[in-house]
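Undergrad: Let me give you the structure first, and then I'll get to my questions.
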Amino acid sequence: MSLTATDHHFLAAILMFHCLITGKTVSGDIESDKQVLLSLKDHIVLWNPVMIETPFTGWNSKDESPCNWPGISCNTRGNHVTAIDLSDTNIEGPLFRNFSRLPELEHLNLSANRIYGMIPDDLSKCRNLRALNLSNNIIRGEFNLTGLDNLEVLDLSNNRIQGNLRLMFPAKACRNLVVLKLSSNNLSGQVDDLFNLCRNLHSLDLGGNNFSGNLSFQFGRLLEYSVSMNSLDGEIPSRFFSENCNLLRLDLSDNFFVGQIPKEISNCKDLVSLNLYGNELSGEIPPEVGSISSLQSLLLGENSFSRDVPESLVMSNLSLLDLSRNGFGGDVQEVFGRLHQVKSLVLSGNSYTGGLLSSGIPELQNISELDLSENDFSGPLPVEISQMSNLKMLVLANNQFTGSIPHGYGNLSRLQALDLSFNNLSGSIPSSFRKLSSIFWLMLANNSLTGKIPAELGNCSSLLWLNLANNQLSGPIPPEFFNVGSNATAQFILSNQAGQTASGFSQCTNLMRWIPTTDSPLSSFTLFPGRRCEIKFDFLLKRGGPGYLQLRGNKLSGGLPSEISKMHHLGTLYLDDNGFYGQLPPQIGSLPLFTLQASKNMFSGEIPEEIGMLKRLQILDLSYNNFSGELPGSLSSLTDLSRFNISYNPYISGRVPSTGQLSTFDQSAFLGNPLLEHPFFPTEDGRRTSPSVPGKAVGEPAEELLDRFRFAFAFSYPFFFVLSFLGFLFLGNEKISPLKSERKSKRRRM
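If you count by mature numbering (1 follows the signal peptide of the UniProt record, and there is no 0), then the sequence shown holds residues -27 to -1, 1 to 723, one letter each, in order.
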C-alpha cells in the first residue's frame, strides 16, 4: 500500500514531535537548555543581588552554547546540558523549580550553600539524574524519591530534612543507589530491613538523626556504614560480621549499644576504621581486633572497657588510637609506650595520676598528636616531651601540673596546637616560643602565669588563635607582639603541601575550648557533625581566618598600641578586666572584627568614630571605663550588632538614637551614664523609665507640672463650689465623712 503526500507529511510531523519530546535533535536543543540556565541565573541573582565574583558572571546570553560556562558540562554531542556544579558559591534562597526542563541532566551539585525551604516536586521529574548533592544547606521538610529511579549517588547530609525514612524510599528508588548520605538531619524511624533491596549500595551514612531501635540491618555488601549519633541500643550482633565481610569503615559511635565487641569483627579483614566511641560497651577489648592488619583507626572512647589493653595492638598497623573517657586510673599502662606505629594517641578524660614517663609515651617518635587532657596528672610538666620532634598537637589541659613551662617546648618546631590551659602553671611565658614557626593555636589560659607578654611571640607569624586569659600577666603589650598571625595563610599552605597539617583527631571538648563559639561567628562553621571534631584549618582560613586574641582577666596595663592594625585576621578581641588606659586607637576600625570586648578597664577619651567601620561587628562591650565625649553617630551603621554595652562611662554625652540598631537594646546597655540622653524604656506597670537611674519614673519638669495643676484647679473651682453648696442644702447639718482609701502600688526595679 503506497503512502500519499498527506501521509508523508503526517509521519514527518509525528517524527518531529517525537524528537522534541525525546530531545534527540541537535538544532534548538542546546538553545532551550541555555534559556533554562539563564532562568536559573536570574533566579539566583533575584535572591542574591549583591553577589560579585561568581560562576554566573561568565554566563553570557550572547554565547551560542552554554557548554563552556563555569560549572556547566554537556554531553559529547554538545546538544544538551548534563551536569551543573554550583557548590560552595554562596548561593542563598529557595531551590530553583525548573531543573526538569533540562531533559538530559545527570549530575546536580548545589552543596555548601545557603539554600533553604522545601525541595520542590519539580526535582522528582528529573528522571535521568544519577547524582544529586544538596548537602550542607538549610533545606527542610520531607523529600520523596519517587521518580528518581536512576539515582546512584544521593547526598542530603547537613540539612533539616525530617520525616520517616521508610516513606522516602519506594522500592524502585533504591535499586541503583551506590552512595547514600543522609547524616545530620531530623529523620526518624527504625533502621531495619529498609535497605535490603539496595543491591548496589556500598556507602550508607545515617548519622546524626533520630533513629531508634536495635541494629537489625545487616551490612551485607557495604563498604562504609555509619549510624553515629542516633538512639540505637541493644548489643552489636556478632552474626553481622560474616566471613565475607567487605567493610572498610564502620561507625556506630554515640548511641546506646551495650555488651562487648564481638570478636567476629576480625572477619572484616579489610576494615580500616572502627568507631565505637560514646556507647555503653564494656568488658575486654578483644585481642582479635589487633589481628586486623588493615586497621588504622580505632576509636573506643567514652565506654567502660577494661584497662587491660591487648598486646595484639602492639603488632597492629594502628595510626590512631582513642581510649579516652573509659575510667582508667592510676598509672598510664605501659603497653602504650610500645605502640611505636601510632601517630595519634588520645587518652583524655580518664583519671590517670602518674606513670606518664614510666609508660614510655615520651619516647614514641612517630606521635604527631598527643591528648592527655582532663586527667589528674600533677607535678611539673614533663620536659621529656620536648624530644617528641614530630608533635603537631599537644594537649595537656585540665590537669594539675605545676611549675613553669619548659623552655624546651619551644623546640617543637612542627607544633600547630599547644594547649596547657587549666593547670596550676606559674612563671613567665618562655621566650623560646618564638621558634614555634608553625603554630596556629596557643592556649595558656587559666593558670598563674606572671610577667610580661614576650615581644618574641610576634615571631609566631602563623599564630591565629591565642588565649592567655585569667592569668596574672602584667605590664604593657609590646608593639612587636602584634605581628602574630601575620603570615598564617602562607604557613598553612606550606604545611598542607608538605603533608604536615594536623588531621585533628581531638575531642570536641578541645575544639570548644579553643574557639569561643558562644560569642563568635566561628560557632556557625567550626563544630562539625558528631562528637568527634576535625580541626579543619583550611575550612577556617577559607572563611577569612577569623582568629582571636584573648587577654581578659589579667593585670595588663598601658595603652593599646596602634600596631594592632597589623592583625589582619583578627575576628575576636577580648581585653576586658585589665588595667588598660588611654584612648582606643582609631586603627582598630581597620580590623575584620566580629567581637570587641574591652569592659572593666580605664580607657578614656572619645570612642573612635572608626568603630563604625566594623560592619561585621556583632558584639561591642565598652562598659565600666572612662570614655567621654559624644556617642559616635557612626555606631548606628553597625547593623549586625546583637550585644551592645556602654554602661558606666559617666562622661559619655550626646543622645542615643531613637531609631536604628542602638535603639533595640534595653536599658542595661546604657546604665550609669548621666550625661547621655536616653530613649525611654517602659516598665512592667506601663510607666516609662530612664536607664540612668534604674526604676525611676520619667516625669515632666516640676514647673510644668505645677502650671498644669494651677490651670486645672482654676478651671474646676466654680463647679466644685456649686456642688459643695448643693450638698450642704441636701445634707443639712450631717457631717460628711471623708472617703477613706488606701492605695498600694508595686514596682519592680529593672
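Note that the Cβ used here is the ideal one computed from N, Cα and C, for glycine as well.
Taking the continuous alpha helix (DSSP H) assigned at residue 2, which residues delimit it?
TA: 2 to 20 is the span of the alpha helix (DSSP H), which, as asked, contains residue 2.
Undergrad: Who does residue 528 pair with in a DSSP beta bridge?
TA: Its beta-bridge partners are 447.
Undergrad: Just mark residue 735 as buried or exposed, buried being the case when its beta carbon has 16 or more other beta carbons within 10 Å.
TA: The structure shown does not extend to residue 735, since the chain is modelled only from -27 through 723, so no value can be given for it.
Undergrad: Around the C-beta of residue 319, are 16 or more other C-beta atoms found within 10 angstroms, so that it is buried, or is it exposed?
TA: Buried is the call here.
Undergrad: Cβ of residue 68 within 8 Å of Cβ of residue 102?
TA: Contact flag unset, no.
Undergrad: Go through its chain and collect everything with a Cβ distance to residue 675's Cβ below 7 Å, but skip five positions before and after it.
TA: Confidence at residue 675 is low in this model, with a pLDDT of 37, below 50, so its placement is unreliable and no value can be given for it.
Undergrad: Per DSSP, what kind of secondary structure is residue 356 in: helix, strand or coil?
TA: Three-state result, residue 356: helix.
Undergrad: Would the beta-carbon of residue 574 fall within 8 Å of that of residue 553?
TA: Yes, the Cβ-Cβ distance between residue 574 and residue 553 is below 8 Å.
Undergrad: So is residue 643 buried or exposed if we call it buried at 16+ other beta carbons inside 10 Å?
TA: Result: buried.
Undergrad: Check whether the stretch 186 to 193 touches the stretch 152 to 166, counting contact only when three or more Cβ pairs, one atom from each stretch, lie closer than 8 Å.
TA: Judged by Cβ distances under 8 Å, the stretch 186 to 193 makes contact with the stretch 152 to 166, as three or more pairs qualify.
Undergrad: What is the C-beta distance between residue 266 and residue 290, in whole angstroms, given that I count them as a contact (C-beta under 8 Å)?
TA: At roughly 6 Å, the Cβ-Cβ gap stays under 8 Å, so residue 266 and residue 290 are in contact.
Undergrad: Taking C-alpha atoms, which residue in 238, 413, 462 and 198 lies nearest to residue 436?
TA: For the residues 238, 413, 462 and 198, the minimum Cα distance to residue 436 belongs to 413.
Undergrad: Tell me the rounded alpha-carbon separation between residue 130 and residue 180.
TA: Whole-angstrom Cα-Cα distance: 9 Å.
Undergrad: Quick one: is residue 519 buried, meaning 16 or more other Cβ sit within 10 Å of its Cβ, or exposed?
TA: Label assigned to residue 519: buried.
Undergrad: Sort 616, 624, 611 and 613 by Cα distance to residue 597 and report the nearest one.
TA: With distances taken between Cα atoms, residue 597 lies closest to 624.
Undergrad: Which ranges does the alpha helix (DSSP H) cover as unbroken runs of at least 4 residues, wholly within the stretch 85 to 134, from first to last along the chain?
TA: Qualifying alpha helix (DSSP H) stretches: none in this window.
Undergrad: Could you tell me whether the stretch 388 to 398 touches the stretch 423 to 433, where touching means 3 or more Cβ pairs closer than 8 Å?
TA: No, the stretch 388 to 398 is not in contact with the stretch 423 to 433.
Undergrad: Judging by CA-CA distance, which residue of 591, 562 and 576 is the nearest neighbour of residue 582?
TA: For residue 582, the nearest C-alpha among the options comes from 562.
Undergrad: Give the DSSP bridge partners of residue 249, in chain order.
TA: Residue 249 is not bridged to any residue.
Undergrad: On a CA-only basis, which of 334, 342 and 295 is nearest residue 322? Give me that one, please.
TA: The shortest C-alpha separation from residue 322 is found at 295.
Undergrad: Straight-line CA distance for residue 627 to residue 202?
TA: Each residue's Cα considered, the two are about 53 Å apart.
Undergrad: If I follow the unbroken alpha helix (DSSP H) through residue 415, where does it start and stop?
TA: Note, residue 415: premise wrong, no alpha helix (DSSP H); beta strand (DSSP E) at 414 to 416.
Undergrad: With 16 as the cutoff for other CB atoms within 10 Å, does residue 19 come out buried or exposed?
TA: Under this definition residue 19 is an exposed residue.
Undergrad: In terms of alpha-carbon separation, which member of 197, 298, 336 and 326 lies closest to residue 309?
TA: If we check each option's Cα against that of residue 309, 336 comes out closest.
Undergrad: Which of helix, strand or coil does DSSP assign to residue 325?
TA: Residue 325 falls in the strand class under three-state DSSP.
Undergrad: Using a Cβ-Cβ cut-off of 6 Å (strictly less than) and excluding sequence neighbours within five positions of residue 535, which residues of its own chain qualify?
TA: 558 and 560, listed in sequence order.
Undergrad: Please return the same chain residues whose Cβ sits closer than 8 Å to the Cβ of residue 231, not counting the five positions on each side in sequence.
TA: Excluding residues within five positions, the ones whose Cβ falls inside 8 Å are 206, 207, 208, 252, 253, 254 and 255.
Undergrad: Given that a residue counts as buried once 16 or more other Cβ atoms are within 10 Å of its Cβ, and exposed if not, what is residue 288?
TA: Exposed.
Undergrad: DSSP on residue 79, reduced to helix/strand/coil?
TA: In this structure, residue 79 counts as coil in the three-state DSSP scheme.
Undergrad: Roughly how far, in whole angstroms, is the beta-carbon of residue 302 from the beta-carbon of residue 326, given that I think they are within contact range, below 8 Å?
TA: 7 Å between Cβ atoms; contact.
Undergrad: Under 8 Å, with one C-beta from each stretch per pair, do the stretch 149 to 156 and the stretch 109 to 116 reach the 3-pair mark?
TA: Touching, no.
Undergrad: Suppose you measure from the CA of residue 541 to the CA of residue 5; what does that come to, to the nearest Å?
TA: Computed Cα separation, rounded: 47 Å.
Undergrad: Whole angstroms is fine: what's the gap from residue 8's alpha carbon to residue 71's?
TA: Rounded to whole angstroms, residue 8 to residue 71 spans 11 Å at the Cα level.
Undergrad: Pop quiz: residue 249 and residue 220 are said to be a contact at Cβ under 8 Å. What is the actual Cβ separation, rounded to whole angstroms?
TA: 13 Å between Cβ atoms; not a contact.
Undergrad: Short of 7 Å in beta carbon distance, which residues of its chain neighbour residue 454, apart from the five on each side in sequence? Order them along the chain.
TA: So the qualifying residues of the chain are 426, 428, 430 and 431.
Undergrad: May I have the straight-line CA-CA distance separating residue 586 from residue 571, to the nearest angstrom?
TA: Distance between the alpha carbons of residue 586 and residue 571 is about 17 Å.
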